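Chemist: Provided herewith is a single structure, encoded as structure tokens, for subsequent inquiry.
Number of protein chains: 2
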Amino acid sequence: MSTYQPPLADIRFALYDVLEAEALFARLGFTDASRDIVDAVLEEGARFNETVLAPLNRIGDEAGCRYDKATGAVTTPPGFREAYAQYVEGGWPGLTAPPAFGGQGLPHAVGVPLKEMIDAANLAWGNFPLLSHGATEALLHHGEPWQQEVFLKPLVEGRWTGTMCLTEAHCGTDLGLLRTRAVPNDDGSHAISGTKIFITAGEHDLTDNIVHLVLARLPDAPAGSRGISMFIVPKFRVDRDGGIGERNGVRCGAIEHKMGIHGSATCVLNLDDAQGWLIGAPHKGLAAMFTMMNTARLAVGLQGLGLSDRALQNALRYARERLQMRALSGPKFPDQPADPIIVHPDVRRMLLTCKALVEGGRLLGCHAGALVDIIGHAPDAAEREQADALLGFLTPIVKACLTEWGVECTYHALQCFGGHGYIAEHGMEQLARDARITTLYEGTTGIQALDLVGRKVMQLQGAGLKVFLEMIESFCGAHEGDAALAEFIAPLRTKADEWQRLTREIGRRAMSDPEEIGAASVDYLFYSGYVALAYWWARGVAAAQASSQSEAFKDAKLETARFYFARILPRTLTHKAAIDSGAATLMSLDADRFDA
Amino acid sequence: MSTYQPPLADIRFALYDVLEAEALFARLGFTDASRDIVDAVLEEGARFNETVLAPLNRIGDEAGCRYDKATGAVTTPPGFREAYAQYVEGGWPGLTAPPAFGGQGLPHAVGVPLKEMIDAANLAWGNFPLLSHGATEALLHHGEPWQQEVFLKPLVEGRWTGTMCLTEAHCGTDLGLLRTRAVPNDDGSHAISGTKIFITAGEHDLTDNIVHLVLARLPDAPAGSRGISMFIVPKFRVDRDGGIGERNGVRCGAIEHKMGIHGSATCVLNLDDAQGWLIGAPHKGLAAMFTMMNTARLAVGLQGLGLSDRALQNALRYARERLQMRALSGPKFPDQPADPIIVHPDVRRMLLTCKALVEGGRLLGCHAGALVDIIGHAPDAAEREQADALLGFLTPIVKACLTEWGVECTYHALQCFGGHGYIAEHGMEQLARDARITTLYEGTTGIQALDLVGRKVMQLQGAGLKVFLEMIESFCGAHEGDAALAEFIAPLRTKADEWQRLTREIGRRAMSDPEEIGAASVDYLFYSGYVALAYWWARGVAAAQASSQSEAFKDAKLETARFYFARILPRTLTHKAAIDSGAATLMSLDADRFDA
């Protein structure tokens, strides 16, 4: 069975040494986020995740969720209910939510590592509270006062959970095609009818009520994506004064049999004249949904990170225990029958790849959390605006890269186990199966890449990239003469320049052929992710050297950064070559001739 | 559910147009392998695989094998027995086996595409007859006449199946550690005791008997890998005159719960004074086992290829059917509610990646089959020797690259389905789970890479690479002035030169530090695989142009080759950079500091 120890030391390093969170939180006015308090929260979170959620991970995979056709009820795996009760009891649902609605108002930069821990401990379980955060955001930004009054507090307290009901059988990415209808009722509510699929946590037994945020069309809706409205559809009807009414016309029609996350209920939801309340303006539902989606996309990125870390931890343990063959340069443990496999260069390559992606990815994730805090709390409008542009640019990178790296790291970690990795009892194959959903839901990697290149780079003219490049240049300038960092600063600068040129070149080509955007998209996304990680690794080394961390810790950061620059960053060479080859190499073959 | 149509047109292209199999088979004296006969065999094989094996693929995954603890019996999934009976009835087990032992004596170059079809149709089912081929090879090369007489014919006819019993709980790669003991009996047989794990097809209900080839230690065995002997241990005892006796002391103690290939029985085998017959010389069992293993390694490579093709076929169908979004350059099917997703560049990128790896990989695989034929039948000793060196060099590349590409292609194909790919009913996730075993068993990718660099390049001084480079140069020379091929010849030559230099450089560095071998190994293996595929794609285009294939076919080969050279071959840039960075980037971090 796979085990999990929350990586508190590296989380603290990310927050305090690299992101200088103490000063940041103080500057942003988080008076209740002193280092003592944050440390206590992290430790208590670590304890909960390690002792309560992590042991339920395999149980969830084996037992799965059960669906009762007669009642439409979904039963979660053994222990999930009790764990959820403890989660609510501990105040975790509202960790970063506004105190006005019962939240604790802690910084998102603290919420990020806690989310990483939940996903590492038990990804499937983590999907039940996951979308409550998105629903909270949507209600905060778009809800009428009575809607906030009635729905926000139970969500923040975790007494209810939320969902996002977008997908229908014939449309996932292309929501303009959706058919679910909303017909006005006399009381100001709407009657919603249609069928939604792939609804995460769409039905379960953890809470008394579930708040579905449903996309549907009003009778006078224009065709396509400009005619979509968002509605609040609770499982049990809720009056404007908060009174709980009868069962609403929304029912789970089935749960999916999936490759992984068996403990997470992926539901078909049938809506039959369900009472729904319009949230936000009519026909503006897609914009409101994006408020939820961006939160969810960052969260899914953290799922990839959490799984990567758990996979690495177990592979590392196994690589130290498993004795097999001698080191090529001669026995390292002559008194043992063979050397532990961590002596072998290729096993180290796999472990170091995971380590570099996990620890670099953690900085990427925590920084995204800090940007959310800056956007919400920085006194200076220009700073907020810059942070917003940067976060918009980084969101598809965080989502797609951390999840693709999650697939990669669970692959390497399983590979370290050899044939034993393929056997269920070691738990490594579950991590690989669970990771596989993360590059699909909340927008596939391809969709993230289109968002990055089409929207964030082209439409918004690379405003976010500009901010990131300034960060890189500012860091490189600050360490100009630092001999210890020279080996990182020079290649980082070169890559940053190349990144800028590559972006301009894609833009230039896209002016004459819009297909160039899609043709460059995924390679550009990865390219960007690897340069971003190079920045964070360089900054990580600088922060470690300047810190009071142990020599062993500093050495580990330095050697992992060297590994990253030598063996991972060169992936940009391949991505650049692919981008440079342009759209013709993808578009020339007639669709009919793929199997000529 | 995923479907499968055997790719007969491309298989014929590979055999007849590219490998010029008609002339080759005639030259090698395969009098019964005329084009008519081979075509009939391929068509009948395609029919069997498409109509009998492919429909059982999902049933096998869902039902799995069942183990009865009381009797130690294993029941295969519904339909597997009947399919196996048809397989035997059709004469497929002995397709490439010598006629002297009841085989059909057809070329291995024909056996290769048939094996690809079996694995695409039903990988789990294919594992039951898989190791009979290896056992046949071992008996042919190392068996005494009575052993050949008694065991070969039932294996060739498929009445019995074979296994390879190597792995024990504490040793897989490092067989020098194995503990299973063999004590001489008075009748010339041995009493074998020990526990073997991960035994594919170690127990089942498809045949009357099972022939286990078991590695064990004689009482006077030297320690380590020089003290291993191989024994024939049938499930039911067999006399020297072929009489079937009582149940032998070998019993299945459990079957593993695995990520995939649920229809394949992976057994724990307990040997308790089982009667075994020494095969080959005492203490020389590892060499004998490698005879089996090389056959098995090529076969596992073909598993990766088969799964890749099935995955591609289904993704292609879905990409043509699924309507979602409009093309970036404007609607392509304005009368439909949206365009089919094959219009999108990134979907095409995923499909073309699969297509390039599948069709290129097919040439790699068929060529390996042709080399086996040349080694066995070429009249000229020098030609046989060259082919042997080349096949030795290519075997780890075929095994590792085709299986890693199998993981990659099943990944891309699933990704084309979006969230639907994660749901069991579409069958794409099964392909991904099944593919995951192929980079692990019969030696992980890391082990293949060590075999390539440590043994085939260093110990054998790159004899096989030399033959391959001569093939490339000969091809490039022959097409020197061919304007239509110039775009491929120039980069291929450049890469071939670089490959040679890179190999020399690794050799040079390994002289002072043997860890350089392991540090370069997997990157060198992939580098080699991509250059090898570049050669096959260039040759494929040349062969297509010179053939009587349709214009659509020629165009598809040309555009896919362009895609390969522009977007896949540049992966060599990253691998070269990683190799150039040397062992230090992997070995510097102290093993204790990985989680400092």
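Residue numbers (UniProt numbering), protein chains in the order written: chain A, 1 to 596; chain B, 1 to 596. For each residue, glycine too, the CB sits at the ideal point set by N, CA and C. What you are looking at is a predicted structure, and each value in this text was computed from that prediction instead of being measured.
Going by DSSP, which residues form a beta bridge with residue 67 of chain B?
Modeler: In the DSSP assignment, residue 67 of chain B is bridged to B/74.
Chemist: Just the C-alpha distance for residue 380 of chain B and residue 370 of chain B, rounded to the nearest angstrom, thanks.
Modeler: 15 Å
Chemist: If you draw a straight line from the alpha carbon of residue 35 of chain A to that of residue 235 of chain A, how long is it in whole angstroms?
Modeler: 40 Å
Chemist: Please look up how many angstroms separate the CB atoms of residue 110 of chain B and residue 41 of chain B, rounded, as I've assumed it's under 8 Å.
Modeler: Contact between residue 110 of chain B and residue 41 of chain B is confirmed by a C-beta separation of about 6 Å, below the 8 Å threshold.
Chemist: DSSP on residue 272 of chain A, reduced to helix/strand/coil?
Modeler: strand
Chemist: Would the beta-carbon of residue 524 of chain A fall within 7 Å of that of residue 579 of chain A?
Modeler: yes
Chemist: Exposed or buried, residue 336 of chain A, counting other C-beta atoms within 10 Å across all chains shown (16 or more means buried)?
Modeler: exposed
Chemist: Whose CA, out of A/534, A/433, A/421, lies closest to the CA of residue 471 of chain A?
Modeler: A/534
Chemist: How would you write the range of the beta strand (DSSP E) that residue 92 of chain B sits in, first residue to last?
Modeler: Per DSSP, residue 92 of chain B belongs to no beta strand (DSSP E) and is neither H nor E.
Chemist: Based on the DSSP output, what are the partners of residue 229 of chain A in its beta bridges?
Modeler: A/216
Chemist: Within 8 Å, do at least three Cβ pairs link the stretch 337-354 of chain B to the stretch 456-463 of chain B?
Modeler: no
Chemist: Kindly say whether residue 173 of chain A, judged by its beta-carbon, lies nearer than 7 Å to any beta-carbon of chain B.
Modeler: yes
Chemist: Would residue 239 of chain B be called buried (16 or more neighbouring beta carbons within 10 Å of its own) or exposed?
Modeler: exposed
Chemist: Apart from the five residues on each side of it in sequence, which residues of its chain come closer than 7 Å, Cβ to Cβ, to residue 165 of chain B?
Modeler: 196, 199, 212, 213, 214, 215, 269
Chemist: Are residue 447 of chain B and residue 167 of chain B touching if we call contact CB-CB under 7 Å?
Modeler: no
Chemist: Using the Cα positions of residue 25 of chain A and residue 354 of chain A, report the straight-line distance between them to the nearest angstrom.
Modeler: 30 Å
Chemist: Should residue 129 of chain A and residue 93 of chain A be called a contact, given that it needs their Cβ atoms to be closer than 7 Å?
Modeler: yes
Chemist: Using the rule of at least 16 other Cβ atoms within 10 Å of the residue's Cβ for burial, across every protein chain shown, is residue 244 of chain A buried or exposed?
Modeler: Burial call: exposed.
Chemist: Beta-carbon separation of residue 583 of chain B and residue 483 of chain B under 7 Å?
Modeler: no
Chemist: Pick helix, strand or coil for residue 348 of chain B, following the three-state DSSP scheme.
Modeler: helix
Chemist: When we look at the beta-carbon of residue 119 of chain B and count the other beta-carbons within 10 Å, is it buried (16 or more) or exposed?
Modeler: buried
Chemist: Identify the contact partners of residue 342 of chain A in chain B, using a Cβ-Cβ distance below 9 Å as the criterion.
Modeler: 591, 594
Chemist: Tell me, please, which residues DSSP counts as bridged to residue 401 of chain A.
Modeler: Residue 401 of chain A is not bridged to any residue.
Chemist: From residue 121 of chain B to residue 421 of chain B, what distance separates their C-alpha atoms?
Modeler: 19 Å
Chemist: Leaving out the 5 sequence neighbours to the left and right, which residues in its chain are closer than 7 Å to residue 322 of chain A when beta-carbon positions are compared?
Modeler: 340, 341
Chemist: Taking 8 Å as the cut-off, does the stretch 152-159 of chain A touch the stretch 275-290 of chain A (at least 3 CB pairs, one atom from each stretch)?
Modeler: no
Chemist: DSSP three-state label for residue 193 of chain A, please.
Modeler: strand
Chemist: How would you list, in chain order, the residues of chain B whose beta-carbon sits under 9 Å from the beta-carbon of residue 553 of chain A?
Modeler: 593, 596
Chemist: Taking the CB atoms as reference points, tell me whether residue 373 of chain A and residue 28 of chain A lie closer together than 7 Å.
Modeler: Result yes, Cβ atoms of residue 373 of chain A and residue 28 of chain A sit closer than 7 Å.
Chemist: In the DSSP output, what is residue 254 of chain B paired with across the bridge?
Modeler: B/268
Chemist: Once the 5 residues before and after residue 306 of chain A are set aside, which same chain residues still bring their CB inside 6 Å of it?
Modeler: 116, 119, 120
Chemist: Would you mind telling me which residues of chain B sit closer than 7 Å to residue 567 of chain A, beta carbon to beta carbon, in chain order?
Modeler: Ordered by position in chain B, the residues that pass the 7 Å Cβ test against residue 567 of chain A are 578, 581, 585.
Chemist: Once you ignore the five residues that flank residue 403 of chain B on each side, which residues in its own chain have a CB closer than 8 Å to its CB?
Modeler: 300, 301, 303, 304, 435, 438, 439, 445
Chemist: Run down chain A in chain order and give the residues with a C-beta less than 9 Å from the C-beta of residue 514 of chain B.
Modeler: 327, 328, 329, 330
Chemist: Report the neighbours of residue 324 of chain B on chain A: residues whose CB is nearer than 9 Å to its CB, in chain order.
Modeler: 170, 171, 172, 173, 174, 177
Chemist: Using a Cβ-Cβ cut-off of 7 Å, state whether residue 522 of chain B counts as contacting chain A.
Modeler: yes
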